């Protein structure tokens, strides 16, 4: 009998074998994402089996190949489990006594999270290209086969999270490197201030634009950082990828659930990233609902299944590990892998999935830092948020900015960001200058509501979009910045929603200029320091536009607000749109 333990949130081990009865047992506390806990027990078996952790698609092949690896008394010598990369990495780092002896992940991206002393990378057993699976209802000559990322991303999609689905992680990273903007490219972190210089950014490994932590007031050159390179990131592609992550993270679809909707009609069917092997396996058992594949013409990411030896294996088990490696690289194993839909080498022909060309352009694996950032962004984006947007409509916002004006650029950037926010987002809109009320420098355009909340004959998203469109016709007065920041923070504090990420996003083109007086900087800083709370965190995001802003004062204000508060500085028209897209990602509690 063959038993394979499939692990979701909890960790577990299972024996497989023949002869004596096999049993599976859960290890560790339920719900913990770690390969840890008590091993399974089999009556009459004295020897602990060698543990092999792998993926759901590889486990059946390994189990079939090793079913005859038994001890003299008929007990299993190998136990195969299905674990996420995070579970295995956690167990190895913790030196858990029940960590696997052999790990067969689906990408060396995950082994790169380990120290070199913790593992030894062996031969690659199999490969499988990542593809976008296209249900029959969506399959046409313009949606399958070789297609640019721009076309692929335009299809309705579902995704499993990049922390549990390597195809998702590699697809998003590849989209960032080839067809859309790299994750995190909008604005590099610069100490307390995220200062975006004109069309510049550091270009490290993996294509992600990011600068190191830089104290406020310093530049990359002053700190000896690498010379900045010109960024080729386009705002439209950044919008596309950031919006995709925000929308897809809300569904948080389990990998197996992706295949259950493949027979849906047009309008309900969705494409999704997976592997060629998974599509072939699905098509082999489903006469109805067969899938085709879309392949990025810029290049395809490849799943690779290496044989990884985990450091610390007892000397008594080394011969079993050697035997297992010989078995899994044998011609018998290669035949079974091909039969299961895998390729043994990247250059050989695939199993014949519709849409997959005879030869493929393979892209390099992304840097592990890029994948980690993707996972973190995915989790942040999946959290519900409450956002108060506050836009400067003082007279100076009509100043020229490139071929447009500051207020029009702010409007356009905000509308792009609004379009990509999930419908469950709560959002309100203020404008500010001076003397917009009896005693206030701000005025509410729309109150706080969910974007999908009905209001009259329309919904909140449409009302906010209309409010943003009308801002260029409403500019007048000076800049009551400090009074407005204080009022917005007090409002957010009074209406705090503990089940959501609470944020204020304020855009201005100038320093505080309030002829009527109002609160001073010192008083504002003192009040923000008193009101801020780690138990009720409010993220204050300040966006300064142009060269008239008082950047040091803004940095002091976001420092006083604490938590995930940030200051951004846009010096060019393009920066405004980039920053708004970055702000969409500032969602951590």
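Numbering (this note's numbering), first residue to last: -19 to 569. Ideal Cβ positions, reconstructed from N, Cα and C, are used throughout, including at glycine. The structure displayed is predicted, hence computed values, not measured ones.
Beta-ladder partner(s) of residue 424, from DSSP: DSSP output for residue 424 lists 410 as bridge partner(s).
Among all the DSSP beta bridges, which residues are the ones paired with residue 285? Assignment of beta-bridge partners to residue 285 by DSSP yields 106.
Going by C-alpha distance, which of 306, 50 and 42 is nearest residue 26? The shortest C-alpha separation from residue 26 is found at 50.
Let's test the definition: count the other Cβ atoms within 10 Å of the Cβ of residue 350 and tell me whether it reaches 16, buried, or not, exposed. With 16 or more Cβ atoms within 10 Å of its Cβ, residue 350 is classed as buried.
Neighbour-count burial assignment, residue 374, 16 or more Cβ in a 10 Å radius: Residue environment for residue 374: buried (at least 16 other C-beta atoms within 10 angstroms of its C-beta).
How would you call residue 260, buried or exposed, if buried means at least 16 neighbouring beta carbons within 10 angstroms? Burial is judged here by how many other beta carbons sit within 10 angstroms of a residue's own beta carbon; residue 260 has at least 16 and is buried.
For residue 112, the three-state DSSP class (helix, strand or coil): In the three-state scheme derived from DSSP, where H, G and I count as helix and E and B as strand, residue 112 is classed as strand.
Out of 521, 76, 508 and 280, which one is the CA nearest neighbour of residue 481? Closest option to residue 481, Cα to Cα, is 521.
For residue 400, name the three-state secondary structure that DSSP assigns. Residue 400 falls in the helix class under three-state DSSP.
Considering only the beta carbon of each residue, do residue 113 and residue 258 sit closer than 9 Å? Yes, the Cβ-Cβ distance between residue 113 and residue 258 is below 9 Å.
With 16 other Cβ atoms within 10 Å as the buried cut-off, status of residue 46: Counting C-beta atoms within 10 angstroms of its own C-beta, residue 46 has 16 or more neighbours from the protein chains shown and is therefore classed as buried.
Three-state secondary structure (DSSP) at residue 383? Shown here, residue 383 sits in coil according to DSSP, grouped into three states, outside any helix or strand.
Where residue 372 and residue 516 are concerned, what is the direct C-alpha to C-alpha distance, given to the nearest angstrom? When rounded, the distance between both Cα atoms is 27 Å.
What separation, rounded to the nearest whole angstrom, lies between the Cα atoms of residue 493 and residue 556? Between residue 493 and residue 556, the C-alpha separation is close to 22 Å.
How is the alpha helix (DSSP H) around residue 445 delimited, first residue to last? That run of the alpha helix (DSSP H) goes 440 to 449.
Do residue 118 and residue 297 have their C-beta atoms closer together than 9 Å? The criterion of a C-beta distance shorter than 9 Å is not satisfied by residue 118 and residue 297.
Residue 484: which of 404, 143, 551 and 370 sits nearest, CA to CA? Ranking the options by Cα distance to residue 484, first place goes to 370.
In angstroms with no decimal places, state the Cα-to-Cα distance between residue 580 and residue 533. Because the chain in this structure spans residues -19 to 569, residue 580 falls outside the shown range and cannot be described.
Can you tell which of 334, 40, 417 and 463 has its C-alpha closest to the C-alpha of residue 275? When the alpha-carbon of residue 275 is set against those of 334, 40, 417 and 463, the nearest one is in 334.
Is it true that the CB of residue 545 sits closer than 9 Å to the CB of residue 518? Cβ atoms of residue 518 and residue 545: closer than 9 Å.
May I have the straight-line CA-CA distance separating residue 58 from residue 511, to the nearest angstrom? Whole-angstrom Cα-Cα distance: 58 Å.
Compare the C-alpha of residue 404 against each of 329, 363 and 354 and name the closest. Out of 329, 363 and 354, 363 has the C-alpha closest to the C-alpha of residue 404.
Along the chain, where does the beta strand (DSSP E) containing residue 60 start, and where does it finish? Where residue 60 is concerned, the enclosing beta strand (DSSP E) stretches over 58 to 62.
Return the Cβ separation of residue 42 and residue 308 in integer angstroms, given the expectation that the two are a contact with Cβ distance under 8 Å. About 7 Å; that satisfies the 8 Å criterion.
Assuming contact is defined by CB atoms lying nearer than 9 Å, are residue 281 and residue 324 in contact in what I supplied? No; because the gap between Cβ atoms is not below 9 Å, this pair is not in contact.
Whose C-beta lies closer than 8 Å to the C-beta of residue 288 among residues of the same chain, with five residues either side of it excluded? Correct list, in chain order: 82, 83, 84, 85, 91, 99, 100, 101 and 102.
Would residue 329 be called buried (16 or more neighbouring beta carbons within 10 Å of its own) or exposed? Answer is exposed; the Cβ neighbour count stays below 16.
Report yes if the C-beta distance between residue 104 and residue 286 is below 9 Å; otherwise report no. A contact, by the Cβ cut-off of 9 Å.
Less than 6 Å between C-beta atoms, sequence neighbours within five positions excluded: which residues of the same chain meet that for residue 248? So no residue of the chain qualifies.
Is the CB of residue 324 under 9 Å away from at least one CB in chain D? Although the question refers to chain D, the structure presented lacks it and comprises just one protein chain.
Taking contact to mean 3 or more Cβ pairs, one atom from each stretch, closer than 8 Å, check whether the stretch 122 to 142 and the stretch 58 to 77 are in contact. Not touching, per the Cβ criterion.
In this structure, how does DSSP classify residue 297 when only helix, strand and coil are distinguished? The answer is helix: DSSP assigns residue 297 an H, G or I state.
Hey, which unbroken runs of the beta strand (DSSP E) at 3 residues or more fall wholly within the stretch 325 to 382? List check, beta strand (DSSP E) in window: 365 to 372.
On the criterion of 16 or more Cβ atoms from any shown chain inside 10 Å, does residue 327 qualify as buried, or is it exposed? Per the 10 Å Cβ criterion, exposed.
State the Cα-Cα distance for the pair residue 424 and residue 149, rounded to the nearest angstrom. Distance from the CA of residue 424 to the CA of residue 149, rounded to the nearest whole angstrom, comes to 40 Å.
So what's residue 262 in DSSP terms, helix, strand or just coil? Helix at residue 262.
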